[in-house]
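**Q**
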Amino acid sequence: MTIQDIKKELNSLRKEIRYHNVQYYDNDSPKISDYEYDQLMLRLKQIEQQYPELITKNSPTQVVGGDALRTAGVLVKHDVPMLSLQDVFSKEEIYDFVRSLQEELGSPEFVVEEKIDGLSMAVRYVDGELERAVTRGDGTTQGEDVTENARVIRDVKKQLKEKLPYFEIRGEVYMTREAFEQVNTRQELLGMKPFANPRNCAAGTLRQLDSRITKERNLSFFVFNLQLSRGREFKTHTESYEFMKQQGIKVIHGYQVCRTADEVWKAIQAIGENRGKLSYDIDGAVVKLNNLQDREKLGNTSKVPRWAIAYKYPPERKETKIRSIELSVGRTGRITPTAVFDPIHLCGTTVERATLHNQAFIDSLDIRIGDTVLVYKSGEIIPKIESVVKEKRPEGTQPFIIGSHCPACGSPVVHIEGTADIKCQNPDCPAQLENHILYFVGRDAMDIKGIGEASIKALVDAGLLHHISDLYHLAAARDMLIEKGIVGKEKSTDNLLQSIEASKTNPPDCLLTGLGIPGIGKAAAKALMRHFHSIDSLMAAPVEEIQSVEDIGEVSAKAIAGYFQNPLHQKMLDDLRKQGLSFEMQQTDEGDDSLQGLSFAVTGTLETMSRKECTAYIEQHGGKVTGSVSRKTNYLIAGESGGSKLQKAQELSVPILTEEEFRKMIKLQ
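In this note's numbering, the protein residues as written are 114 to 782.
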């Protein structure tokens, strides 16, 4: 291979890796597997090690540990390899695996357990305390440090009852389908792209730079293996599980111990039949040796252990007939078509509905009422329509069109540019109202205490809330609220009304956030108010000026302008203005841009302010606050008991400020 060939391969690898970094980390839509990505990166490293003179500053291996690491921590060496498993797809392969181990080991025990569809993570404990959490990375030598994010996952035990010198476990970070739905609802409300599936969402979330986002997305964690133990020995996999349970560690449930190939196959079938009842996705079943000494004896290949195997369930397909197509309006106004068909039994459950996503999906398959369709369930459990059996189509069927009016309120609908979404734009649409109000009163917006989902529904049902501004008319209905107990007794009602009244003094960025304009969250609202100083100025601004604000793109700018041009929105805003809400930044709210472009992290206990207050000061002066420390962090503000953030800042040579030094930086007396 000539030097020109080497350069050509290098350029090709770097271009391909950058493309996949964007797809995975920015778009949450990976096009290749983790392993395939790791192989690309390993090949790039191998060539650069062999030809160091060809290393460039912008190579993925040189830019902050590679672009793929920009939302995670630093690279950490594996104490124990985190290998993948060999996949098999038939009963015969399972029987061959069991028999081969029986021939070599005599009468071994096998453990059969679910293979959860998530992201692998090792957690290390030193003297019983959580010391570090690491992703699989390349599987053999190193992974990414995700300790700060692991600490905010409820299932991750922070402290063990028995303080072993060293204890390392491996598990799967995943997302329940309920948590996934909540995240995507929020994504849609903010006008952001929904995640493709729970696995992609969990993987992207674990690598987030801001641990507050990780906590908000409600990840889960199951442990499926003991990696290394010092201070206590275990003979079997199940013995280690029992010890972990005693320590409060959440291990994978429903595992079965088997001795024969028949028992193993029966356990695999049982998991397959029950997977539809689980609250999370699985993509197979794992068969592994129970005896830990036998595992050491068999060892590993360069890629997989010889003592374990993963069975992947084949997708199950059945024909059924579509009886109707229902249209529902989501909380953001998006109209979703759903096929209702004759009940069929798939993967242990009866299904009779499947989403049709949008008009583009319907058109691509030419789905019509009366059609016979092929429905399947894959590892994601959710039923999907694969195709139409055209030869069984009855005469007289017509192409299905979603239509031009909202099925909930009858208002005209709009096709959202650049997407396949069709949305109702009516802010008073009953299908959207409750969630609009819930978002408006939320912590990131107006932060009105004492009102939750149940209270909002009760107020809507009572005819007291028709749009956001009606919240500020509730005081006039105080006696009725108390008499009927709509939001509780007298004290609860008065507390809520006081909280609503107090929210009128919130700065205008809180109000702007609460309006729920697509793409405009808390950070964007602050940036807009720093530029325009008032909501009225923003309302009058042309799209070009809105787009000139940092982090505001063309789509968001058009969404803002379109929102304020809507007469219904203008009427609601007039009402909010009359009720005394703040539309203009005060001098104390405005701050300055002295920290513009700087990234901060905060740790420990500060003397004169809370972390929340410190964060507010940073943002008020144009800076950004992240939940963990990385090479991109400009400063760490450290109080007492700084913990792992302080340690990481020292390792990365990130400048560390005392509270007094930070106060001088922003000229705070």
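Backbone N, C-alpha and C define an ideal beta-carbon position, used for all residues, glycine too.
Which runs of the beta strand (DSSP E), 3 residues or longer, sit entirely within the segment 719 to 778?
**A** The qualifying runs are 737 to 739, 748 to 751.
**Q** Beta-carbon within less than 8 angstroms of Gly531's beta-carbon, same chain only, minus the 5 sequence neighbours each way: which residues are those?
**A** Taking the first residue of the sequence shown as position 1, residue 531 is located at position 418. Here the set comprises Val668.
**Q** May I ask you to report which of helix, strand or coil DSSP gives Glu201?
**A** Here residue 201 corresponds to residue number 88 of the sequence shown, with the count starting at 1. The sequence given here places Val at residue 201; Glu does not occur at that position. Correct three-state label for Val201: strand.
**Q** Please report the distance separating the alpha-carbon of Leu681 from that of Arg249.
**A** Looking up residue 681 in the sequence shown gives position 568. Looking up residue 249 in the sequence shown gives position 136. Approximately 51 angstroms between the Cα atoms of the pair.
**Q** Spatial neighbours of Glu291 within its chain, please: C-beta separation below 7 angstroms, excluding the five flanking residues on both sides.
**A** Taking the sequence shown and counting its residues from 1, the one referred to as residue 291 is at position 178. The residues are Ser392.
**Q** Between the segment 265 to 276 and the segment 305 to 315, do at least 3 Cβ pairs fall closer than 8 angstroms?
**A** They do not touch, by the three-pair rule.
**Q** Just checking, does the segment 208 to 221 make contact with the segment 348 to 367 on the three C-beta pairs under 8 angstroms criterion?
**A** Contact between the segment 208 to 221 and the segment 348 to 367 is absent, because fewer than three Cβ pairs lie under 8 angstroms.
**Q** Is the separation between the beta-carbon of Glu285 and that of Ile384 shorter than 8 angstroms?
**A** Numbered from its first residue, the sequence shown carries residue 285 at position 172. Numbered from its first residue, the sequence shown carries residue 384 at position 271. Contact: no.
**Q** Kindly list the residues whose CB is nearer than 7 angstroms to the CB of Glu786, restricted to its own chain and excluding five residues on each side of it in sequence; keep chain order.
**A** An answer regarding residue 786 cannot be provided, because it is not within the stretch 114 to 782 covered by the chain.
**Q** Give the single residue among Met234, Ile119, Val453 whose Cα lies nearest to the Cα of Leu339.
**A** Residue numbering aside, residue 339 sits at position 226 when the sequence shown is read from its first letter. Checking every option, the nearest Cα to that of Leu339 belongs to Met234.
**Q** Among Ala263, Phe775, Leu440, Gly412, which one has its Cα closest to the Cα of Leu214?
**A** Counting from 1 along the sequence shown, the entry for residue 214 is found at position 101. It is Gly412 whose Cα lies nearest to the Cα of Leu214.
**Q** Beta-carbon of Phe454 versus every beta-carbon of chain D: anything under 8 angstroms?
**A** Annotation note: the requested chain D is absent from the structure, which comprises a single protein chain.
**Q** With H, G and I counted as helix, E and B as strand and the rest as coil, what does DSSP make of Val600?
**A** Residue 600 sits at position 487 when you count from the first residue of the sequence shown. Coil.
**Q** Using 8 angstroms for Cβ pairs, my map puts Leu157 next to Pro173. What's the rounded Cβ distance?
**A** Taking the first residue of the sequence shown as position 1, residue 157 is located at position 44. Taking the first residue of the sequence shown as position 1, residue 173 is located at position 60. Sure, about 7 angstroms apart at Cβ, within 8 angstroms.
**Q** Sorted by chain position, which residues of the same chain lie with C-beta nearer than 6 angstroms to Asp200's C-beta, five sequence neighbours on each side aside?
**A** Walking along the sequence shown from the start, residue 200 turns up at place 87. Cβ within range, chain order: Ala423, Lys425.
**Q** Candidates Phe454, Gly219, Leu459: which alpha carbon is nearest Glu465's?
**A** Here residue 465 refers to the residue found at position 352 of the sequence shown. With distances taken between Cα atoms, Glu465 lies closest to Phe454.
**Q** Buried or exposed: Val224, going by 16 or more other Cβ atoms within 10 Å of its Cβ?
**A** On the sequence shown, residue 224 is found 111 positions in, with the first residue counted as 1. Buried is the call here.
**Q** For Val501, which residues in the same chain have their Cβ closer than 7 angstroms to its Cβ, ignoring the five residues on either side in sequence?
**A** Residue mapping note: residue 501 aligns to position 388 of the sequence shown, counting from 1. Once the five neighbours on either side are set aside, the close Cβ partners of Val501 are Leu478, Asp479, Ile480, Asp484, Val486.
**Q** Look at Val265 and Thr327 and say whether their C-beta atoms are less than 8 angstroms apart.
**A** By one-based count along the sequence shown, residue 265 stands at place 152. By one-based count along the sequence shown, residue 327 stands at place 214. A contact, by the Cβ cut-off of 8 angstroms.
**Q** Just the C-alpha distance for Gly179 and Ile595, rounded to the nearest angstrom, thanks.
**A** Along the sequence shown, one-based indexing puts residue 179 at 66. Along the sequence shown, one-based indexing puts residue 595 at 482. Bear in mind that a pLDDT of 32 at Gly179, under 50, signals an unreliable position, so the model cannot answer this.
**Q** Taking buried to mean at least 16 other C-beta atoms within 10 Å of its own C-beta, is Arg556 buried or exposed?
**A** Working through the sequence shown from its first residue, we reach residue 556 at position 443. With fewer than 16 Cβ atoms within 10 Å of its Cβ, Arg556 is classed as exposed.
**Q** Can you tell me the Cα-Cα spacing of Ile529 and Met559, whole angstroms?
**A** Position 416 of the sequence shown holds residue 529. Position 446 of the sequence shown holds residue 559. Straight-line Cα distance between these residues: approximately 27 angstroms.
**Q** Since Asn310 is in the beta strand (DSSP E), which residue starts that stretch and which ends it?
**A** As a working note, residue 310 is residue 197 in the sequence shown. Here Asn310 belongs to no beta strand (DSSP E), and DSSP marks it neither H nor E.
**Q** State the DSSP-derived secondary structure class of Met607, mapped to helix, strand or coil.
**A** In the sequence shown, residue 607 corresponds to position 494, counting from 1. The amino acid occupying residue 607 in the given sequence is Asp; Met does not appear at that position. DSSP places Asp607 in helix when its eight states are reduced to three.
**Q** Mind checking who Cys537 pairs with in its DSSP beta bridge?
**A** Taking the first residue of the sequence shown as 1, we reach residue 537 at position 424. Paired residue(s): Val526.
**Q** Exposed or buried, Glu773, counting other C-beta atoms within 10 Å across all chains shown (16 or more means buried)?
**A** To locate residue 773, count along the sequence shown from 1; it is residue 660. Exposed, since its Cβ has fewer than 16 Cβ neighbours within 10 Å.
**Q** Helix, strand or coil for Asp180, going by three-state DSSP, please let me know.
**A** Within the sequence shown, residue 180 is the residue found at index 67, counting from 1. Low confidence applies here, because Asp180 scores a pLDDT of 34, under 50, leaving its location unreliable; read the following figure in that light. Helix at Asp180.
**Q** What would DSSP say about Met195, mapped onto helix, strand or coil?
**A** As a working note, residue 195 is residue 82 in the sequence shown. If DSSP states are grouped into helix, strand and coil, Met195 belongs with coil.
**Q** So the alpha helix (DSSP H) Leu551 belongs to, where does it begin and stop?
**A** Here residue 551 refers to the residue found at position 438 of the sequence shown. That run of the alpha helix (DSSP H) goes 543 to 553.
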